[in-house]
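**Q** Below is one structure. I have some questions about it.
Number of protein chains: 2
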Amino acid sequence: MAGRATAVVLASGGMDSCVLVALAAQEHEVAMLHANYGQRTMGREKRAFDAIADFYRVPPRRRLTVNLSHLAAIGGSALTDPAIPVPEGNLGREGIPASYVPFRNANLLAAATAWAEVLGATRIFFGAMEGDSSGYPDCRGSFVEAFNRLIEVGTRPETRIEVVAPLLHLTKAQVVQRGVALDAPFHLTWSCYQAEEAACGRCDSCLLRMRGFREAGVPDPIPYASAEASRQSAGGSQQ
Amino acid sequence: MAGRATAVVLASGGMDSCVLVALAAQEHEVAMLHANYGQRTMGREKRAFDAIADFYRVPPRRRLTVNLSHLAAIGGSALTDPAIPVPEGNLGREGIPASYVPFRNANLLAAATAWAEVLGATRIFFGAMEGDSSGYPDCRGSFVEAFNRLIEVGTRPETRIEVVAPLLHLTKAQVVQRGVALDAPFHLTWSCYQAEEAACGRCDSCLLRMRGFREAGVPDPIPYASAEASRQSAGGSQQ
Numbered sequence: 044m045a046g047r048a049t050a051v052v053l054a055s056g057g058m059d060s061c062v063l064v065a066l067a068a069q070e071h072e073v074a075m076l077h078a079n080y081g082q083r084t085m086g087r088e089k090r091a092f093d094a095i096a097d098f099y100r101v102p103p104r105r106r107l108t109v110n111l112s113h114l115a116a117i118g119g120s121a122l123t124d125p126a127i128p129v130p131e132g133n134l135g136r137e138g139i140p141a142s143y144v145p146f147r148n149a150n151l152l153a154a155a156t157a158w159a160e161v162l163g164a165t166r167i168f169f170g171a172m173e174g175d176s177s178g179y180p181d182c183r184g185s186f187v188e189a190f191n192r193l194i195e196v197g198t199r200p201e202t203r204i205e206v207v208a209p210l211l212h213l214t215k216a217q218v219v220q221r222g223v224a225l226d227a228p229f230h231l232t233w234s235c236y237q238a239e240e241a242a243c244g245r246c247d248s249c250l251l252r253m254r255g256f257r258e259a260g261v262p263d264p265i266p267y268a269s270a271e272a273s274r275q276s277a278g279g280s281q282q
Numbered sequence: 044m045a046g047r048a049t050a051v052v053l054a055s056g057g058m059d060s061c062v063l064v065a066l067a068a069q070e071h072e073v074a075m076l077h078a079n080y081g082q083r084t085m086g087r088e089k090r091a092f093d094a095i096a097d098f099y100r101v102p103p104r105r106r107l108t109v110n111l112s113h114l115a116a117i118g119g120s121a122l123t124d125p126a127i128p129v130p131e132g133n134l135g136r137e138g139i140p141a142s143y144v145p146f147r148n149a150n151l152l153a154a155a156t157a158w159a160e161v162l163g164a165t166r167i168f169f170g171a172m173e174g175d176s177s178g179y180p181d182c183r184g185s186f187v188e189a190f191n192r193l194i195e196v197g198t199r200p201e202t203r204i205e206v207v208a209p210l211l212h213l214t215k216a217q218v219v220q221r222g223v224a225l226d227a228p229f230h231l232t233w234s235c236y237q238a239e240e241a242a243c244g245r246c247d248s249c250l251l252r253m254r255g256f257r258e259a260g261v262p263d264p265i266p267y268a269s270a271e272a273s274r275q276s277a278g279g280s281q282q
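Heads up: the sequence lines are chains A and B, in that order.
Numbering-wise, the numbering used here comes out as the position in the first sequence, counting from 1, plus 43.
Numbering-wise, the numbering used here comes out as the position in the second sequence, counting from 1, plus 43.
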């Protein structure tokens with residue numbers, strides 16, 4: 044294991060970040076970074092993060108949870124402001140979703156870059172998906188490029204850190220297939236924006252996840268609250 | 044006052060940020076953002092921040108303190124790690140100072156941008172000085188440009204926020220002169236990296252401040268610990 048380059052992986056505890064860790068672990072010593080930013084399912088996400096880190100034997104010194112509680116104080120998102128309802132079943136609509144947390148990924152990547160610089164890591168794995176996942180402006184290829192330019196000019200001259208986004212052009216179904224091929228522990232992951240016991244099966248994040256597993260023809264191993272959601276996520280290729 | 048555009052000002056509580064607030068207040072409703080990141084003189088800086096905000100009558104809803112405690116957890120700087128000594132009297136040396144906090148300003152500006160987007164602010168005032176202040180990589184014009192590109196691609200399409208750095212090409216002495224012209228309350232500011240009662244007069248930040256006041260020929264109104272420092276900062280133009 045010695046001599047491999049270190050990579051910082053941004054990991055929420057969801058299915059995308061689980062596949063991201065699996066990809067990073069192929070060629071790097073993995074360091075996993077998690078963020079609390081007042082999101083509703085913060086505790087549940089953190090449990091999933093730790094379970095994935097345990098699975099990949101990431102030692103405590105290479106796990107970091109950062110507290111971006113100012114994003115909750117700033118508000119403006121259904122994910123952090125109890126007064127804004129979590130959107131349900133609106134995947135097809137235009138524009139920026141109500142779950143958009145202003146500039147969240149820049150805040151996350153800034154923390155990751157600081158840690159990467161101190162660790163001597165050469166890459167930051169970022170799970171953004173430009174395609175079917177959302178209309179979030181900070182999940183696009185142009186955002187990744189702009190961030191890499193910021194790192195280039197804003198860190199020590201000898202620092203070489205690159206943000207990579209290997210899921211950027213994949214669909215959710217392709218992420219599921221990639222995960223299956225890498226034996227990623229999907230049973231340990233959590234995606235729901237709304238609930239902590241059984242996934243609600245109705246929020247945007249659940250709908251995207253369920254559609255991904257369904258289109259991949261792979262059963263989703265996590266529990267859902269409603270019988271209909273459980274049935275829909277049980278695999279098969281029905282539309 | 045109604046109808047003026049809002050500007051977010053990054054304000055540590057030091058002399059530069061005090062002049063920055065004075066500049067911003069000329070044309071904007073000011074919103075002041077302060078960061079705690081485990082720096083040694085955190086409590087003293089926050090008192091200075093609040094005193095400056097009171098002076099400019101910035102209401103509580105337009106004051107925000109963000110907790111970037113992950114920068115302390117990440118370490119790597121004399122400002123946040125008790126094991127790394129604060130540099131003294133090394134202003135002329137080459138390279139990145141030990142007080143450099145990795146990617147600190149990107150973390151600060153990312154928080155400021157999230158807040159600016161929610162407030163509908165159009166500008167972020169950033170007190171970076173390229174010239175005599177330091178060798179920090181995240182204080183250069185190229186860094187400001189790269190950050191503006193990141194905002195352009197990473198926020199809502201209708202969002203228009205620009206980071207401005209009006210002190211970028213000024214010397215510390217010119218900042219003092221600008222502040223005097225604007226009646227900025229220098230007596231409320233704090234710059235020392237090391238002490239909280241009387242400024243130490245020896246750390247890099249004190250040395251820069253003292254030199255700035257001395258070269259501007261203006262007395263520095265804050266107390267210093269040593270008689271020599273007090274004498275040096277008492278104005279005059281001796282080298």
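Cβ atoms here follow ideal geometry from the backbone N, Cα and C, with glycine treated the same way.
From a predicted model like this one, the values you see are computed outputs, not experimental measurements.
Could you give the first and the last residue of the continuous beta strand (DSSP E) run that contains B/F146?
**A** Where B/F146 is concerned, there is no enclosing beta strand (DSSP E), given that its DSSP letter is neither H nor E.
**Q** In this structure, what does DSSP give as the bridge partners for B/N110?
**A** Its beta-bridge partners are B/N79.
**Q** Using the C-alpha atoms, what's the distance from B/E188 back to B/T202?
**A** Those two C-alpha atoms are separated by around 17 Å.
**Q** Run through DSSP, which three-state label would A/I167 get?
**A** Reduced to three states, the DSSP call for A/I167 is strand.
**Q** Using the Cα positions of A/Q220 and B/A65, report the straight-line distance between them to the nearest angstrom.
**A** Spanning the two alpha carbons is a distance of roughly 57 Å.
**Q** Between B/D181 and chain A, is the shortest Cβ-Cβ distance under 9 Å, so that the two count as touching?
**A** With 9 Å as the cut-off, B/D181 counts as an interface residue toward chain A.
**Q** Start and end of the alpha helix (DSSP H) containing B/V223?
**A** Counting along the chain, the alpha helix (DSSP H) containing B/V223 begins and ends at K215 to A224.
**Q** The alpha helix (DSSP H) spanning A/L211 covers which residue range?
**A** Taken as a continuous stretch (DSSP letters only), A/L211 belongs to no alpha helix (DSSP H), as it is neither H nor E.
**Q** Suppose the cutoff is 8 Å on Cβ atoms and the five residues either side in sequence are ignored; what does the same chain contact list for B/P264 look like?
**A** Within the same chain, B/P264 has close Cβ partners F229 and H230.
**Q** Taking only beta-carbon positions, decide if B/A96 is within less than 9 Å of chain A.
**A** No, no contact with chain A.
**Q** Label A/Q237 either buried or exposed according to how many other C-beta atoms from any shown protein chain fall within 10 Å of its C-beta, with 16 as the threshold for buried.
**A** The residue is buried, with at least 16 neighbouring Cβ atoms inside 10 Å.
**Q** When you compare the CB of B/I194 with every CB in chain A, is at least one pair closer than 9 Å?
**A** Interface residue, yes.
**Q** In terms of residue numbering, what span does the alpha helix (DSSP H) encompassing A/A238 cover?
**A** Counting along the chain, A/A238 falls outside any alpha helix (DSSP H), and DSSP gives it neither H nor E.
**Q** Consult DSSP for B/A74 and reduce its assignment to one of helix, strand or coil.
**A** B/A74 falls in the strand class under three-state DSSP.
**Q** Can you name, in chain order, every residue of its own chain whose Cβ lies under 6 Å from the Cβ of B/N148, other than the five neighbours on each side?
**A** Closer than 6 Å at Cβ, skipping near neighbours: D181.
**Q** What does B/E160 touch in chain A if you count any residue whose Cβ is under 9 Å from its own?
**A** Correct list: I117, G119, P145 and F146.
**Q** Please state if the CB of B/T165 and the CB of B/A159 are separated by a distance shorter than 9 Å.
**A** Yes; because the gap between Cβ atoms is below 9 Å, this pair is in contact.
**Q** Quick one: which chain B residues come within Cβ less than 8 Å of A/F186?
**A** Per Cβ cutoff of 8 Å: L193, V196 and G197.
**Q** Excluding the 5 residues flanking A/I204 on each side, which residues of the same chain have their C-beta closer than 8 Å to its C-beta?
**A** For A/I204, where only same-chain residues beyond five positions count, the Cβ hits under 8 Å are T156, A159, E160, A164, T165, R166, I167, I194 and T198.
**Q** So if DSSP puts A/E205 in a beta bridge, which residue, or which two residues, is it bridged to?
**A** The partner list for A/E205 (beta bridge, DSSP) reads A/R166.
**Q** Going by the beta-carbon positions, is the gap between A/A227 and A/A259 smaller than 9 Å?
**A** Taking 9 Å as the Cβ cut-off, A/A227 and A/A259 do not qualify as a contacting pair.
**Q** Using a C-beta to C-beta distance shorter than 8 Å, which residues of chain C count as neighbours of A/N150?
**A** Among the chains of the structure shown, chain C does not appear; the protein chains present are A and B.
**Q** Do A/L111 and B/H113 count as a contact pair if the criterion is CB distance below 9 Å?
**A** Yes, the Cβ-Cβ distance between B/H113 and A/L111 is below 9 Å.
**Q** Does the beta carbon of A/F169 come closer than 9 Å to any beta carbon on chain B?
**A** Chain B, which has no Cβ nearer than 9 Å to the Cβ of A/F169, makes this no.
**Q** Does chain A have any CB closer than 9 Å to the CB of B/H212?
**A** Not one chain A Cβ lies under 9 Å of B/H212.
**Q** Under a three-way DSSP split, which group does A/T49 fall into?
**A** Strand, per DSSP.
**Q** Quick one: Cα of A/S176 to Cα of B/G57, how far?
**A** Because the pLDDT at A/S176 is just 49, under 50, the model does not fix this residue reliably, and the value given afterwards should be weighed accordingly. Computed Cα separation, rounded: 43 Å.
**Q** Are the C-beta atoms of A/L225 and some chain B residue less than 9 Å apart?
**A** Closer than 9 Å: no.
**Q** With 9 Å as the limit, tell me which residues of the stretch 79-111 of chain A have their beta carbon closer than that to any beta carbon of chain B; keep them in chain order.
**A** Within the stretch 79-111 of chain A, the qualifying residues are L107, T108, V109, N110 and L111.
**Q** Would B/H71 pass as an interface residue toward chain A - the criterion being a Cβ-Cβ separation below 9 Å?
**A** Not closer than 9 Å to any Cβ of chain A, the Cβ of B/H71 fails to qualify, so no.
**Q** Where do the ends of the alpha helix (DSSP H) carrying A/G197 lie?
**A** From DSSP, the alpha helix (DSSP H) with A/G197 extends over G184 to G197.
**Q** What are the boundary residues of the alpha helix (DSSP H) that includes A/M172?
**A** Here A/M172 belongs to no alpha helix (DSSP H), and DSSP marks it neither H nor E.
**Q** For B/R87 and B/E239, I'd like the C-alpha separation in whole angstroms.
**A** Approximately 6 Å, taken between the alpha carbons.
**Q** Just the C-alpha distance for B/R90 and B/V218, rounded to the nearest angstrom, thanks.
**A** Roughly 22 Å between the two C-alpha positions.
**Q** Could you say which of A/V207, A/N191 and A/M75 lies nearest to A/F98 if we only look at CA atoms?
**A** Selected option, being the one with the closest Cα: A/M75.
**Q** So, B/A68 versus B/S60, is the Cβ gap smaller than 9 Å?
**A** No, they are not a contact pair.
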